[in-house]
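Asks: Structure in structure tokens, see below.
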Amino acid sequence: MERKSNLYAMDFIDSDHLEAMQLERMKKIIRHTYNNVEFYRNRMKKYNLTPDSVKTLDDVEKLPFMVKQDLRDTYPFGLLAVPQSEVVRLHASSGTTGKPIVVAYTKDDLKVWTEVVHRALHNCGLSNADIVQVSYGYGLFTGGLGAHYGAEDLGATVVPTSGGNTRRQIMLMRDFGVNAICCTPSYFIHLIDEAAKTGIDMRELPIRAGIFGAEPWTAGMRKYVEENAGIEAFDIYGLSEIIGPGVAIECPCHEGLHLYEDHFYPEIIDPDTGKVLPDGEFGELVLTTLSKYAMPMIRYRTRDLTRIIPGRCACGRTIRRIDRISSRSDDMFIIRGVNVFPSQIEAALLSVAGTTPNYMITLTNDKGMDNVAVEVELSQEKFNELGENQAAFHRQVSAMVESVTGIRIAITLVAPGTLPRSEGKAKRVIDKRVRD
Ligand code: DLL
156 MERKSNLYAM DFIDSDHLEA MQLERMKKII RHTYNNVEFY RNRMKKYNLT PDSVKTLDDV
216 EKLPFMVKQD LRDTYPFGLL AVPQSEVVRL HASSGTTGKP IVVAYTKDDL KVWTEVVHRA
276 LHNCGLSNAD IVQVSYGYGL FTGGLGAHYG AEDLGATVVP TSGGNTRRQI MLMRDFGVNA
336 ICCTPSYFIH LIDEAAKTGI DMRELPIRAG IFGAEPWTAG MRKYVEENAG IEAFDIYGLS
396 EIIGPGVAIE CPCHEGLHLY EDHFYPEIID PDTGKVLPDG EFGELVLTTL SKYAMPMIRY
456 RTRDLTRIIP GRCACGRTIR RIDRISSRSD DMFIIRGVNV FPSQIEAALL SVAGTTPNYM
516 ITLTNDKGMD NVAVEVELSQ EKFNELGENQ AAFHRQVSAM VESVTGIRIA ITLVAPGTLP
576 RSEGKAKRVI DKRVRD
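Residue 156 is where the sequence shown starts when you use the working numbering, and the numbers rise one by one after that.
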């Protein structure tokens with residue numbers, strides 16, 4: 156009981172105490188990383204920095220950024236800051252070249268992760284009285300296990316369905332009287348549609364909350380799920396590099412996402428210049444992990460665009476809020492919770508002989524759910540060879556794209572010379588998504 160009230164009290168900490176805690180943790184994690192990660196030490200040296208260069212929180216601005224490419228360059232364990240014997244868990248998320256990026260956790264790191272997800276779910280009004288279905292994928296993706304341990308720590312009854320097998324998910328929701336679900340917003344829309352097909356109206360089930368994240372979603376989508384399922388939808392944010400889900404979450408005021416600043420130090424920068432921007436201005440979110448020791452991230456550029464919302468939330472929590480994340484400053488897009496880079500699609504297409512580098516990716520959205528379609532030109536030879544009999548080749552290309560990206564993508568094979576050519580940089584992605 157006491158642990159719990161201390162835990163929740165952190166959300167209401169006054170800013171002096173918070174900053175003192177952040178600085179102490181910041182200094183410790185920088186020293187730890189400097190001492191244990193050669194890659195990071197070399198980078199600091201390049202800028203004539205040592206751990207002693209950081210004496211105040213503002214000094215953090217002197218430190219170099221870390222980026223996703225750093226994780227790729229050091230794949231798989233080059234950023235480990237503890238001996239492998241202290242690592243108890245690995246997760247991974249998809250990368251541009253087929254190689255994932257890998258993240259590692261010590262036992263204590265997992266406790267931090269569990270704590271933030273526990274706080275996040277409590278923040279949404281959930282408690283040990285609730286039955287929580289976790290339909291984020293379990294496995295290398297951080298969604299499933301991250302939500303799972305946090306919900307268990309809260310004392311909720313967890314139904315670990317993972318993703319997929321949609322009809323069974325609906326049956327269990329109904330039979331177990333599930334009150335809350337954790338999944339991607341696009342999967343929840345699919346659940347609503349499938350339920351309707353079997354004659355089940357979600358509004359009549361006991362489910363009252365959805366903890367949705369892992370991909371951008373809009374106000375329109377919120378309205379749709381709230382109306383069609385009779386639930387309250389909460390936006391949860393996170394990324395593997397930082398910890399997984401639980402970096403930030405909405406409270407019942409739904410005026411932005413409270414960021415767990417005692418564990419993740421946020422900055423907003425101008426993505427072009429790298430300059431730190433004041434609260435209220437939109438830019439790229441940069442995070443420093445203050446209490447994660449296996450693979451700390453120092454000034455990690457998330458590529459997610461948002462702002463720190465100035466002022467205090469009506470719920471009384473003092474930890475600051477970020478705005479809903481609506482877009483990214485790189486070309487990664489997220490389809491059904493899966494991170495996809497155009498270069499992955501390109502690599503998959505070109506690994507099948509008979510396709511050409513002339514392809515076009517089109518992103519659309521429907522009911523707030525993102526979709527991707529790909530057109531690719533065949534080589535003249537292949538085109539002639541196949542004639543009307545494209546089906547088998549089409550299956551081959553589709554299977555390759557699915558195996559590289561992890562999602563099924565609609566592929567259209569087109570005749571040579573069909574797609575528009577560009578005189579400058581090729582425009583490979585047409586984004587027709589409507590954002591509200
Ligand atoms: O998606 C972790 C997660 C799991 C978050 C479950 C929330 C719920 P990654 O696969 O590494 O980790 O993808 C991280 O997903 O940089 C954002 O671009 C995007 N993202 C995550 N949550 C949200 C959100 C997980 N609520 C990347 N809104 C991040 C918008 C989000 N984008």
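In this text, a Cβ means the ideal position worked out from N, Cα and C, and glycines have one as well. For clarity, every value in this text was computed on a predicted model and none was experimentally measured.
For F437 versus L460, is the C-beta distance shorter than 8 Å?
Replies: It is a contact, given that the beta carbons lie within the stated cut-off.
Asks: Tell me the DSSP secondary structure of Y514 in three-state form.
Replies: If DSSP states are grouped into helix, strand and coil, Y514 belongs with the strands.
Asks: Which class does H172 belong to by DSSP, given the choice of helix, strand or coil?
Replies: If DSSP states are grouped into helix, strand and coil, H172 belongs with the helices.
Asks: Taking all protein chains shown into account, do 16 or more other C-beta atoms lie within 10 angstroms of the C-beta of E501, making it buried, or fewer, making it exposed?
Replies: So E501 ends up on the buried side.
Asks: Between P371 and the ligand DLL, is there a pair consisting of the residue's CB and a ligand heavy atom that are separated by less than 7 Å?
Replies: P371 Cβ: within cutoff of the ligand DLL.
Asks: Leaving out five residues before and five after V584 in sequence, what residues of the same chain have Cβ atoms less than 7 Å from its Cβ?
Replies: Here the set comprises D486, P497, I516, L518.
Asks: Tell me whether Y260 sits in a helix, a strand or coil according to DSSP, three-state version.
Replies: Three-state DSSP puts Y260 in a strand.
Asks: Between the Cα of A503 and the Cα atoms of L178, T473, S553, C468, which residue gives the shortest distance?
Replies: The option with the nearest alpha carbon to A503 is S553.
Asks: CB L173 to CB D417, shorter than 8 Å?
Replies: Yes; because the gap between Cβ atoms is below 8 Å, this pair is in contact.
Asks: Shorter than 7 Å, the distance from the beta carbon of D330 to the closest heavy atom of the ligand DLL, or not?
Replies: No, Cβ of D330 sits at least 7 Å from all heavy atoms of the ligand DLL.
Asks: According to DSSP, is A364 helix, strand or coil?
Replies: Strand.
Asks: Just to check my reading of the structure: D285 and A311 have Cβ atoms closer than 8 Å, yes? What is that Cβ distance to the nearest angstrom?
Replies: That belief holds up - the Cβ atoms of D285 and A311 are roughly 5 Å apart, short of 8 Å.
Asks: How long is the line joining the alpha carbons of H187 and Q224, rounded to whole angstroms?
Replies: In a straight line, the C-alpha of H187 is about 22 Å away from that of Q224.
Asks: Within 7 Å: the Cβ of D390 and any heavy atom of the ligand DLL?
Replies: Result yes, Cβ under 7 Å from the ligand DLL.
Asks: Going by beta carbon distance, what residues of the same chain come within less than 6 Å of V441, once the five residues before and after it are set aside?
Replies: Excluding sequence neighbours, V441 sits near E422, I424, R454, R456.
Asks: Closest to V559 by CA distance: which of V267, Y163, K254 is it?
Replies: Cα-wise, what sits closest to V559 is K254.
Asks: Helix, strand or coil, according to DSSP, for N190 in the structure here?
Replies: Helix at N190.
Asks: Can you tell me whether L414 is helix, strand or coil according to DSSP?
Replies: Three-state DSSP puts L414 in a strand.
Asks: Report all residues from its chain with a CB closer than 7 Å to the CB of S484; omit the five preceding and five following residues, and keep chain order.
Replies: Excluding positions up to five away in sequence, the list reads P426, E439, R458, L460.
Asks: Assign F488 to one of two classes, buried (16 or more other C-beta atoms within 10 Å of its C-beta) or exposed (fewer than that).
Replies: So F488 counts as buried.
Asks: Please find out if some non-hydrogen atom of the ligand DLL comes closer than 7 Å to the beta-carbon of I424.
Replies: For the ligand DLL, not one heavy atom lies less than 7 Å from the Cβ of I424.
Asks: When the Cα atoms are used, what is the spatial distance from Y293 to G429?
Replies: C-alpha separation (whole angstroms): 35 Å.
Asks: How about D478: is its Cβ closer than 7 Å to a heavy atom in the ligand DLL?
Replies: False, no ligand heavy atom lies under 7 Å from that Cβ.
Asks: Return helix, strand or coil for L276, following the three-state DSSP convention.
Replies: Reduced to three states, the DSSP call for L276 is helix.
Asks: Report the rounded CA-to-CA distance for L394 versus T573, giving the unit in angstroms.
Replies: Going from the Cα of L394 to the Cα of T573 covers about 39 Å.
Asks: Please report the Cβ distance between E532 and N513, rounded to the nearest whole angstrom; I am assuming they are in contact, meaning their Cβ atoms lie under 8 Å.
Replies: Rounded, the Cβ-Cβ distance is 4 Å, consistent with contact.
Asks: Identify which residue in I256, F220, Y202, V215 has its Cα closest to the Cα of D228.
Replies: Among I256, F220, Y202, V215, the Cα nearest to that of D228 is on I256.
Asks: Classify S282 as buried or exposed, calling it buried when 16 or more other Cβ atoms lie within 10 Å of its own Cβ.
Replies: S282 should be labelled exposed.
Asks: How far does the alpha helix (DSSP H) with P340 in it reach, from first residue to last?
Replies: It spans 340 to 352 - the alpha helix (DSSP H) in which P340 sits, taken as one unbroken run.
Asks: Confirm the yes/no value for this check: CB of G393, any heavy atom of the ligand DLL, distance under 7 Å.
Replies: For the ligand DLL, at least one heavy atom lies less than 7 Å from the Cβ of G393.
Asks: Excluding sequence positions up to five away, which residues of its chain have a Cβ less than 8 Å from the Cβ of G411?
Replies: Answer for G411: E405, I464, C468, R476, I477, D478, R479, listed in chain order.
Asks: Assuming I391 contacts R363 under a Cβ cut-off of 8 Å, what Cβ separation, rounded to an integer in Å, is found between them?
Replies: Not really, about 16 Å apart at Cβ, beyond 8 Å.
Asks: Is the beta carbon of V287 sitting closer than 8 Å to the one on C338?
Replies: Against a cut-off of 8 Å, the Cβ pair of C338 and V287 comes out as no contact.
Asks: Nearest-angstrom Cα distance between R588 and V289?
Replies: For R588 and V289, the distance between alpha carbons rounds to 28 Å.
Asks: Using DSSP's beta-bridge definition, name the partner residues of F296.
Replies: Note: F296 sits in no beta bridge, so no partner.
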